[in-house]
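Numbering (our numbering), first residue to last: 6 to 101.
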Amino acid sequence: MPQGDKSAYTDKQKRKAAHIADGYEERGVPEKEAEARAWASVNKDSGGGNKSGSGRGKADTHAASHEGGKRAAGRSDAAKSAAAKKGWETRRKNAG
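In C-alpha cells form, the structure reads like this:
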C-alpha cells in the first residue's frame with residue numbers, strides 16, 4: 006500500500022477524519038495541514054487502518070480527545086475564574 010493510501014481505513018474513520026479536518030479549517034488552519042492533523046488524530050485514536058466488518062480491528066481508544074483541556078490545567082483557579090468572567094462579559098455585550 007503506497008504512502009497516503011486510505012483504502013485500509015473504515016468508512017467511520019474516513020468520516021471522523023473529514024469532520025476533524027473541517028473543524029481545523031474553520032479555525033483557519035490551511036487545508037493540507039488540517040487534513041494531516043485529522044489523520045494523525047484518527048491514527049492516535051484507532052491505531053491506524055482497520056478492516057471493515059463486525060468484530061474486526063481494534064477498538065478506538067479516544068486518546069486524542071482526552072488531550073483537550075490540559076492547557077488550562079496549569080492555571081490557577083483565580084486565572085480560570087477571570088477568563089470565565091471575561092468570556093461572560095463578551096457574550097453579554099454581543100448578545101445585544
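Just so you know, even glycine gets a beta-carbon here, dropped at the ideal spot from N, CA and C.
- Between Ala43 and Tyr29, the C-beta spacing is below 8 Å.
- In this chain, the alpha helix (DSSP H) harbouring Gln18 covers 16-31.
- For Ala83, the three-state secondary structure derived from DSSP is helix.
- DSSP, reduced to helix, strand and coil, places Ser51 within a helical segment of the structure shown.
- Taking the Cβ atoms as the reference, Lys85 lies roughly 25 Å from Ala68, outside the contact range of under 8 Å.
- By the beta-carbon neighbour count (other beta carbons within 10 angstroms, threshold 16), Lys37 is exposed.
- In the three-state reduction of the DSSP assignment, Ser12 falls in the coil class, being assigned neither a helical nor a strand state.
- Its chain contains Ala43, Ser46 as the residues whose beta carbon lies nearer than 6 Å to that of Ile25, once the 5 sequence neighbours on both sides are disregarded; these appear in chain order.
- Judged by their CB atoms, Ala13 and Gly52 are not nearer to each other than the 8 Å cut-off.
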